[in-house]
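Novice:
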Amino acid sequence: MTVAPCTCGEPHPHRVASRRSASGTIVELWSDGPITGALGIGLRGVPISRPKTTRAGERNLRAGWLFLGEVELFEDGELRGLYAACRWAAERDGLPATVRTRLADLAKPSLRPTWHVLHVDRDGRPTCRFWVLPRLGWPDLAIWHERGRYDLMRRMKAVRLPGAGVVSDSTYEPTGFSWGSLREAIAHLIETNAMKGERNQ
Ligand SMILES: [Zn+2]
C-alpha cells in the first residue's frame, strides 16, 4: 500500500469514480491512483503508475481526479496530452485551472518553421522540404515533410573516409516519430522539450 487507505475504509485498490471520454470510452480512477479504461485495462497514452512513496501516491491520485474532472471534453486521441498536463498540474498547485493553462500553452505553436524547399510541383507548391530545428532545445533534429507526413529526423555524424575527407556532412536518419500535421509535430516538440526541462530541474 503506497497511498493512505481510501476514506471508505476498503483496504484493497478499488474503483472510486468513473466517467466517459468525449469519444465514449469508459475511464476509471482507482483508489491507489491509476487511471484505466473499463475492467482496469490501460488507456492508450495514459501510463498506469503505482508510485513507491506516499507523497508520490498522493500526487498520482490528485492527477487522477484532475483527469476525471476534464476527461468528458476530450477525445481518446487527446488523453495522452490531457494526462501529461494533469501530472504537471498535480506536481504544482493541483488546480483544474492549471491543467487548462498548461494545455493551452502546449497547443500554442511557439515554434515557427523555416523551410528549405528541395522540390516543388508544377504549381510551385513544395512537395519535399525540411526544417532544421533550433539547436537550442532540439539539437541535431529536423522535420522532413513529404507526401503529407512530417517525420522527425536526427542528424548523424559526418561521414569521413581516410584520404577522401568528408563524404557527407549532413546525413539524416528517421527517428520513427511521424505526424500527419505540422500542428501535431510542433505540439510534440514543445511537449518533449518541456518535459526535458522538468527533468533537469
Ligand atoms: Zn474507497
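Each position in the sequence shown, counted from 1, maps to that position plus 1239 in my numbering.
Cβ atoms here follow ideal geometry from the backbone N, Cα and C, with glycine treated the same way.
1. Out of curiosity, what's the CA-to-CA distance linking N1299 and E1412?
2. E1437: buried (16+ other C-beta within 10 angstroms of its C-beta) or exposed?
3. Using only the heavy atoms of ligand 1, determine whether one of them is closer than 7 Å to the beta carbon of S1270.
4. Could you give the first and the last residue of the continuous alpha helix (DSSP H) run that contains D1344?
5. So, is S1409 buried or exposed, given that buried needs 16 or more other C-beta atoms within 10 angstroms?
6. With DSSP run on the structure shown, which of helix, strand or coil describes A1261?
7. If you measure from the CB of V1255, is any heavy atom of ligand 3 nearer than 7 Å?
8. May I have the straight-line CA-CA distance separating E1311 from R1364, to the nearest angstrom?
9. Please look up how many angstroms separate the CB atoms of A1336 and Y1389, rounded, as I've assumed it's under 8 Å.
10. Helix, strand or coil, according to DSSP, for V1255 in the structure here?
11. Count the other C-beta atoms from every protein chain shown that fall within 10 angstroms of the C-beta of V1255, then say buried if there are 16 or more, exposed otherwise.
12. Given 7 Å as the limit, tell me if A1297 has its C-beta closer than that to any heavy atom belonging to ligand 1.
13. Is E1267 near ligand 1, judged by its Cβ being under 7 Å from some heavy atom?
14. Here's the rule I'm using: 16 or more other beta-carbon atoms within 10 Å means buried, otherwise exposed. How should Q1440 be labelled?
15. Among residues of its own chain, excluding the 5 on either side of R1319, which ones have a beta-carbon nearer than 6 Å to its beta-carbon?
16. At what residues does the alpha helix (DSSP H) containing R1331 begin and finish?
17. Tell me the residue span of the alpha helix (DSSP H) that contains E1309.
18. Using CA atoms only, rank isn't needed, just tell me which of L1380, D1315 and G1303 is closest to A1329.
Specialist: In short, the structure shows the following:
1. Between N1299 and E1412, the C-alpha separation is close to 37 Å.
2. The pLDDT assigned to E1437 is 48, lower than 50, so where the model puts this residue is not dependable; a value taken from the coordinates is nonetheless given after this. Here E1437 is exposed. Its C-beta has fewer than 16 other C-beta atoms within 10 Å.
3. True, at least one ligand heavy atom lies under 7 Å from that Cβ.
4. That run of the alpha helix (DSSP H) goes P1335 to A1346.
5. The residue is exposed, with fewer than 16 neighbouring Cβ atoms inside 10 Å.
6. Here A1261 carries a coil assignment [DSSP, helix/strand/coil].
7. This structure lacks ligand 3; the ligands present are ligand 1.
8. Going by the C-alpha atoms only, they are around 40 Å apart.
9. Contact doesn't hold; Cβ gap of about 32 Å is too wide.
10. Strand, per DSSP.
11. By the 10 Å Cβ count, V1255 comes out buried.
12. First, the amino acid is wrong: residue 1297 is Glu here, not Ala. False, no ligand heavy atom lies under 7 Å from that Cβ.
13. Flag unset: Cβ of E1267 not near ligand 1.
14. Confidence in Q1440 is poor, its pLDDT being 38 and thus under 50, which makes the residue's placement unreliable; the coordinate value appears in the next sentence. Q1440 counts as exposed, since fewer than 16 other beta carbons sit within 10 angstroms of its beta carbon.
15. So the qualifying residues of the chain are G1284.
16. Where R1331 is concerned, there is no enclosing alpha helix (DSSP H), given that its DSSP letter is neither H nor E.
17. Per DSSP, E1309 belongs to the alpha helix (DSSP H) from T1293 to E1309.
18. The residue with the shortest Cα to Cα distance from A1329 is G1303.
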